Amino acid sequence: MTATTPLKVIIIGGGPIGLTLAQILTSAGVDFTILERRSTVTPEEGAGIAIGPTSFRLYDQLGLLPQMEAISTPIPHKHVLQRDGKVYNSYEFHLRACHGRAMAFLHRLDLVTTLFSTLPDSAKAKIHVNKSLSDITLTPEGVTVTCADGTSYNGTLVIGADGVHSKTRKIMNSLSNAPESETLPFETTFQGLFGNFPRLSLPGSEIEPGHDWECHSGGVSSQFFVGRDRGWFIIYRPLPGGPTRERIDYTDEDIKQFAEDVKDMHVTNKLTFGDVFKNVNKAGLTQLQEGAVKNRSWKRIGLVGDACDKITPNVGLGYNNGVLDVIVLGNLLKKLNESGEEITEEKVGKLFKEYQAERKEFSEKVDDAARGVIRTVTHTGFMKYLLDRWINPVLGLDKLYGSKVMGPLMAKQQVLEWLEEKNGIDGSIPWAHKGLVVTKA
Numbered sequence: 012m013t014a015t016t017p018l019k020v021i022i023i024g025g026g027p028i029g030l031t032l033a034q035i036l037t038s039a040g041v042d043f044t045i046l047e048r049r050s051t052v053t054p055e056e057g058a059g060i061a062i063g064p065t066s067f068r069l070y071d072q073l074g075l076l077p078q079m080e081a082i083s084t085p086i087p088h089k090h091v092l093q094r095d096g097k098v099y100n101s102y103e104f105h106l107r108a109c110h111g112r113a114m115a116f117l118h119r120l121d122l123v124t125t126l127f128s129t130l131p132d133s134a135k136a137k138i139h140v141n142k143s144l145s146d147i148t149l150t151p152e153g154v155t156v157t158c159a160d161g162t163s164y165n166g167t168l169v170i171g172a173d174g175v176h177s178k179t180r181k182i183m184n185s186l187s188n189a190p191e192s193e194t195l196p197f198e199t200t201f202q203g204l205f206g207n208f209p210r211l212s213l214p215g216s217e218i219e220p221g222h223d224w225e226c227h228s229g230g231v232s233s234q235f236f237v238g239r240d241r242g243w244f245i246i247y248r249p250l251p252g253g254p255t256r257e258r259i260d261y262t263d264e265d266i267k268q269f270a271e272d273v274k275d276m277h278v279t280n281k282l283t284f285g286d287v288f289k290n291v292n293k294a295g296l297t298q299l300q301e302g303a304v305k306n307r308s309w310k311r312i313g314l315v316g317d318a319c320d321k322i323t324p325n326v327g328l329g330y331n332n333g334v335l336d337v338i339v340l341g342n343l344l345k346k347l348n349e350s351g352e353e354i355t356e357e358k359v360g361k362l363f364k365e366y367q368a369e370r371k372e373f374s375e376k377v378d379d380a381a382r383g384v385i386r387t388v389t390h391t392g393f394m395k396y397l398l399d400r401w402i403n404p405v406l407g408l409d410k411l412y413g414s415k416v417m418g419p420l421m422a423k424q425q426v427l428e429w430l431e432e433k434n435g436i437d438g439s440i441p442w443a444h445k446g447l448v449v450t451k452a
């Protein structure tokens, strides 16, 4: 590829991470195409998504902060209870003090709708739906991506943002002759029942916006987030039959049976899950994979988000971890696009290696934290029960770990190098990287 030929990125997957990358590349002046297998990039799903300070910094840089604040609810408070509803721990999350902003929760549909609708028309025209990935071919000049409908797209490189069951990853592993262990890199030990409900459908002051209620008990745990207009829940329990690396497809009957099994479990100090499920808008059941691929790229193919690093949602960092992936790639791609050099396979490979190295430490810490938390809240073993029920409430280990371990690590993560942060988000731990500093006359 010659220096006069512009960089073009083909993104597989138009979900939250794919659309976030589209926003970044649009700002960076990097050409792209998104190929989404579904008929829309804004499907109605029951899930909620947690947004952390690092993602809000990106929204500030992209000019999306007002829109994201309008559709999300800060969740600074956490209450932990037994299955019978007795609260045994309650505190404020460390994020606001450490980083200047609390974790917020919003509806997945609202997130993808906002990310899509705020793109310029020229960028929206680059998003193609009903495009199921069939194959990826490397050429001397770049890549050719073929879809199941027979259409093909040419570009410089491919980024797989197509989730935990990534077809991009499967093709990349096949082309690179990856070891068999990379074919199914994630293991499922837990499953999760998730959904949402209208907030005003339930009575009580305990469902005022801004609270996270968590039931921690032997073999099952819940998270119950309360927003302005709706609430979201997810119930965790070990996978019946034990861990697996195979894909599981669930039915409506599976959802009903799970809900029946946990209907007596309190999700707040007054409400049981049975009370909530009567008013549910939409619910789903999913396996909760854990793990990370050994290599996030091969030659001109790279992976982001759940396609390469899957964590359970109990720590609220799944989407945020993927956002950090595309921030790092955005910075690297902008530099490559403006280098004026021939974009060779070697240069693309170097870019992907820099990306993997930058993301290594944070991703590994998040993976470890999520693994520990889900086993602690479900009291998997006596020591986990002892830690959660007695030691943590007395010593405040959650807040200590958040402020002394994860807080400094989060503060080291990148922002976009070419955009200003107009609404500086600061806390007690200073950010290592700042956006473009604009000198005002």
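Its first residue numbered 12, the sequence shown is counted upward by one per residue in the working numbering. In this text, a Cβ means the ideal position worked out from N, Cα and C, and glycines have one as well. Just so you know, these numbers come straight off a predicted model, no measurement behind them.
Shown here for Gln298: same chain residues with a beta carbon closer than 6 Å to its own, the five before and five after excluded, namely Thr199, Gln202, Ile259 in chain order.
His88 and Arg107 have their C-alpha atoms some 11 Å from each other.
In the DSSP assignment, Leu340 falls outside any beta strand (DSSP E) and within the unbroken alpha helix (DSSP H) covering 329 to 349. Linking Asp42 to Lys19 through their CA atoms gives a straight-line distance of about 5 Å. Ranking Ile170, Val237, Ala134, Gln424 by CA distance to the CA of Ile82 puts Val237 first. Counting C-beta pairs closer than 8 Å gives fewer than three between the segment 368 to 375 and the segment 44 to 64, which falls short of the contact rule.
As for any beta strand (DSSP E) of minimum length 3 sitting wholly inside the segment 208 to 277, the runs are 222 to 228, 231 to 237, 241 to 249, ordered along the chain.
Cβ atoms of Gln93 and Tyr102 stay farther apart than 8 Å, at about 17 Å.
Rounded to the nearest whole angstrom, the CA to CA distance from Tyr247 to Leu296 is 10 Å.
The three-state reading of DSSP puts Glu103 in strand, counting E and B together. DSSP places Ser83 within a strand segment (E or B) once states are collapsed to three.
If you draw a straight line from the Cα of Asp286 to the Cα of Asn280, it comes to about 12 Å.
Judged by DSSP secondary structure, Ser163 falls within the beta strand (DSSP E) whose first and last residues are 163 to 166. Residue environment analysis places Gly206 among the buried positions, since at least 16 neighbouring C-beta atoms fall within 10 angstroms of its C-beta. Under DSSP, the beta-bridge partners assigned to Phe201 are Pro249, Leu299.
When secondary structure is reduced to three states using DSSP, Leu126 falls in the helix class. The Cβ atoms of Thr162 and Val154 do not sit closer than 9 Å to each other.
With fewer than three CB-CB distances shorter than 8 Å, the segment 268 to 278 does not count as touching the segment 316 to 326.
Excluding residues up to 5 positions away in sequence, Asn184, Val304, Lys305 lie with their Cβ nearer than 7 Å to the Cβ of Glu193 in the same chain.
For Leu408, the CB contacts under 8 Å within the same chain, skipping 5 residues up- and downstream, are Leu398, Ile402 in chain order. In the three-state DSSP reduction, Cys319 falls in the coil class, being neither helix nor strand. With a contact defined as Cβ atoms closer than 8 Å, Thr129 and Leu69 miss out at about 13 Å. Residue environment analysis places Ser133 among the exposed positions, since fewer than 16 neighbouring C-beta atoms fall within 10 angstroms of its C-beta.
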